[in-house]
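A.B. asks: Numbering (the working numbering), first residue to last: 43 to 193.
Where is the CB? At the ideal position from N, CA and C, for every residue including glycine.
Since the model is a prediction, treat every value here as computed from it, not as a measurement.
Dropping a structure here in structure tokens format, bear with me for questions.
If you want it as structure tokens, here you go:
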């Protein structure tokens, strides 16, 4: 292994390295599971709302699916990080639930602000691209289905 041949300080062992490595693997694993779960929810909700609104209300599809999926992502990464990987700095003398809710709440608040902040630029850019690429306007979405029946 690479760390067996790298120079170290006299009197040190590799326990600190192994501890950090375990924490990293736990955090990365929690992040990947949370990301994949959230993306699944995001895509499903986006298309659900697209069908429900008949291709209109892009702002609703964008924000609605993102806000729900970010809650899934934040909750999953915090819960997996704590219960599965034990990598969160939870204070043992305090009740665990309020601490976990604080992690989830603060992480989710940041993501909500980021998602809502990017909505107007996203909508403006979409409108500009539709004009520039001559794509049908809102409510007349492009589909992969042929416009006339093929025989």
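Please classify residue 64 as buried or exposed, where buried requires at least 16 other C-beta atoms within 10 Å of its C-beta.
C.D. replies: On the chain shown, residue 64 is found 22 positions in, with the first residue counted as 1. Counting Cβ neighbours within 10 Å, residue 64 comes out exposed, since fewer than 16 surround it.
A.B. asks: Can you give me the Cβ contacts of residue 92 inside the same chain, cut-off strictly under 6 Å, excluding the 5 residues immediately before and after it?
C.D. replies: The count along the chain shown starts at 1 and reaches residue 92 at position 50. Once the five neighbours on either side are set aside, the close Cβ partners of residue 92 are 103.
A.B. asks: Looking at the secondary structure, which residues open and close the alpha helix (DSSP H) in which residue 132 lies?
C.D. replies: Here residue 132 corresponds to residue number 90 of the chain shown, with the count starting at 1. Unbroken run through residue 132: none, as it is neither H nor E.
A.B. asks: Pick out whichever of 117, 85 and 121 has its Cα sitting closest to the Cα of residue 105.
C.D. replies: Indexing the chain shown from 1 puts residue 105 at position 63. The option with the nearest alpha carbon to residue 105 is 85.
A.B. asks: Mapping the DSSP letters down to three states, classify residue 149 as helix, strand or coil.
C.D. replies: Sequence index remark: in the chain shown, residue 149 carries index 107 (1-based). Residue 149: helix per DSSP, three-state reduction.
A.B. asks: Leaving out the 5 sequence neighbours to the left and right, which residues in its chain are closer than 8 Å to residue 161 when beta-carbon positions are compared?
C.D. replies: Here residue 161 refers to the residue found at position 119 of the chain shown. Taken in chain order, the residues that qualify are 101, 104 and 105.
A.B. asks: Tell me which residue opens and which closes the alpha helix (DSSP H) that residue 161 is part of.
C.D. replies: Mapped onto the chain shown, residue 161 falls at position 119. Residue 161 -> alpha helix (DSSP H) spans 161-174.
A.B. asks: Is the distance from the Cβ of residue 116 to the Cβ of residue 156 below 9 Å?
C.D. replies: By 1-based counting over the chain shown, the position of residue 116 is 74. By 1-based counting over the chain shown, the position of residue 156 is 114. Taking 9 Å as the Cβ cut-off, residue 116 and residue 156 do not qualify as a contacting pair.
A.B. asks: I need the boundaries of the alpha helix (DSSP H) containing residue 124, first residue and last residue.
C.D. replies: Against the chain shown, residue 124 aligns to sequence position 82. First-last for residue 124: undefined, no H or E at that position.
A.B. asks: Tell me the start and end of each unbroken beta strand (DSSP E) in the stretch 59-110 that is at least 3 residues and wholly inside, in chain order.
C.D. replies: If we require 3 residues or more, the stretch 59-110 turns out to have no beta strand (DSSP E) run fully inside it.
A.B. asks: Can you tell me whether DSSP reads residue 137 as helix, strand or coil?
C.D. replies: As a first step, residue 137 is located in the chain shown; it is residue number 95 there, counting from the start. Three-state DSSP puts residue 137 in coil, outside helix and strand.
A.B. asks: Rounded to a whole number of angstroms, what is the C-alpha to C-alpha distance between residue 166 and residue 176?
C.D. replies: What you label residue 166 is simply residue 124 of the chain shown in a count that begins at 1. What you label residue 176 is simply residue 134 of the chain shown in a count that begins at 1. Going by the C-alpha atoms only, they are around 15 Å apart.
A.B. asks: Quick check: what's the CA-CA separation for residue 72 versus residue 79?
C.D. replies: As a working note, residue 72 is residue 30 in the chain shown. As a working note, residue 79 is residue 37 in the chain shown. Their backbone Cα atoms lie some 11 Å apart in a straight line.
A.B. asks: Name the residue from 151, 74 and 134 whose alpha carbon lies nearest to the alpha carbon of residue 109.
C.D. replies: In the chain shown, the residue the question calls residue 109 occupies position 67. Minimum Cα distance to residue 109 is reached at 151.
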